[in-house]
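Asker:
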Amino acid sequence: MFRSSTVDTPQDVATVPEHIAVIMDGNGRWAKQRLMPRVFGHKKGVEALRRAVRACDTLGVKYLTVFAFSSENWRRPADEVSFLMSLFLRVLQSEIDRMHENGIRLKIVGDRTHFSAELVTMIEAAESRTAGNTGVTLSIAADYGGRWDVLQATHRLLADRPDLATRFTEADMAPYFAMSYAPEPDLFIRTGGERRISNFLLWHLAYTELYFTDMLWPDFDQAAIETAIDWYRGRERRFGRISEQLQSVTP
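Residue numbers (my numbering): 167 to 417.
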């Protein structure tokens, strides 16, 4: 369940992140380096995602959220967008049995109005089938944008509670975010060498530790995740406080 780090100060920081958010960047460049079409890199990216889910399950991470397709990715060449949509559908068709058998709960977050009816039906069926699973919650952000999320949450809140139009709080907003079912990410990972969050989970990353790596997503494996978690363990998560306050907290 979503807990706001700007409202309630987290007291216990686990050595293993409860929630990891990932921008899976570098698929196209990985393929280009091998003189292959960009779409081949996206296929390899799916294999890397499988590895990441297995690694999170092994390491005790409860939530893994990945940015598969942003609101701005519709600006890409039409043939690549078409391929990504068809790949999304094929992955749902081929992977849902495996996910369910492994206890994975699947959630798709984002604006579904641009998706085909077939894809929406497949998403709903996959979410329904895995809803009762208690393993890793894999959230795939597709046609998602952080600003979209804040706007849609605000619109839904005011539609439900017009009396709050001039005085709603973070707590009022929380249930309306696309990922209201999950805690804030503890660790954000971006592969591919870029150093930005690209409109991903803008509200939720307020106090998330940001980890950037030059490794391209198709090469990302359990060892790479473990390296990121080791880096995370070295961070001092103060949430607005000073170091001396943390040192004075009784374990």
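For each residue, glycine too, the CB sits at the ideal point set by N, CA and C. Keep in mind it's a predicted model, so treat the numbers as computed, not measured.
May I have the straight-line CA-CA distance separating Gly276 from Met345, to the nearest angstrom?
Answerer: What you label residue 276 is simply residue 110 of the sequence shown in a count that begins at 1. What you label residue 345 is simply residue 179 of the sequence shown in a count that begins at 1. In a straight line, the C-alpha of Gly276 is about 9 Å away from that of Met345.
Asker: Taking all protein chains shown into account, decide if Val173 is buried (16 or more other Cβ within 10 angstroms of its Cβ) or exposed.
Answerer: In the sequence shown, counting from the first residue as 1, residue 173 sits at position 7. So Val173 ends up on the exposed side.
Asker: Given this structure, state the Cα-to-Cα distance separating Ser170 from Leu201, to the nearest angstrom.
Answerer: To locate residue 170, count along the sequence shown from 1; it is residue 4. To locate residue 201, count along the sequence shown from 1; it is residue 35. Roughly 45 Å separates the two Cα atoms.
Asker: So what does Ala307 bridge to, in DSSP terms?
Answerer: Your numbering for residue 307 matches position 141 in the sequence shown. Phe233, Val275, per the DSSP bridge assignment.
Asker: Go ahead and pull the three-state DSSP assignment for Arg216.
Answerer: Your numbering for residue 216 matches position 50 in the sequence shown. DSSP places Arg216 in helix when its eight states are reduced to three.
Asker: Which one or two residues does DSSP pair with Ala319 in a beta bridge?
Answerer: Your numbering for residue 319 matches position 153 in the sequence shown. Per DSSP, none; premise fails for Ala319.
Asker: Tell me which residues share the same chain as Arg278 and place their Cβ nearer than 6 Å to its Cβ, disregarding the 5 neighbours each side in the sequence.
Answerer: As a working mapping, residue 278 is identified with position 112 in the sequence shown. Once the five neighbours on either side are set aside, the close Cβ partners of Arg278 are Val286.
Asker: For Ser294 and Ala283, what's the separation of their Cα atoms in angstroms?
Answerer: Residue 294 sits at position 128 when you count from the first residue of the sequence shown. Residue 283 sits at position 117 when you count from the first residue of the sequence shown. The alpha-carbon atoms of Ser294 and Ala283 are separated by roughly 16 Å.
Asker: For the putative contact between Val227 and Pro183, defined by C-beta atoms under 8 Å, what is the C-beta separation to the nearest angstrom?
Answerer: Here residue 227 corresponds to residue number 61 of the sequence shown, with the count starting at 1. Here residue 183 corresponds to residue number 17 of the sequence shown, with the count starting at 1. Between Pro183 and Val227 the Cβ distance is about 6 Å, and since that is below 8 Å, they are a contact.
Asker: Can you tell me whether Pro417 is buried or exposed, with buried defined as 16 or more other CB within 10 angstroms of its CB?
Answerer: Counted from its first residue, the sequence shown places residue 417 at position 251. Low confidence applies to Pro417: its pLDDT is 49, below 50, so where it sits in the model is not reliable enough to give any reading.
Asker: Going by C-alpha distance, which of Phe354, Leu382, Asp385, Trp383 is nearest Thr374?
Answerer: Indexing the sequence shown from 1 puts residue 374 at position 208. Checked all of Phe354, Leu382, Asp385, Trp383; the closest Cα to Thr374 is Phe354.
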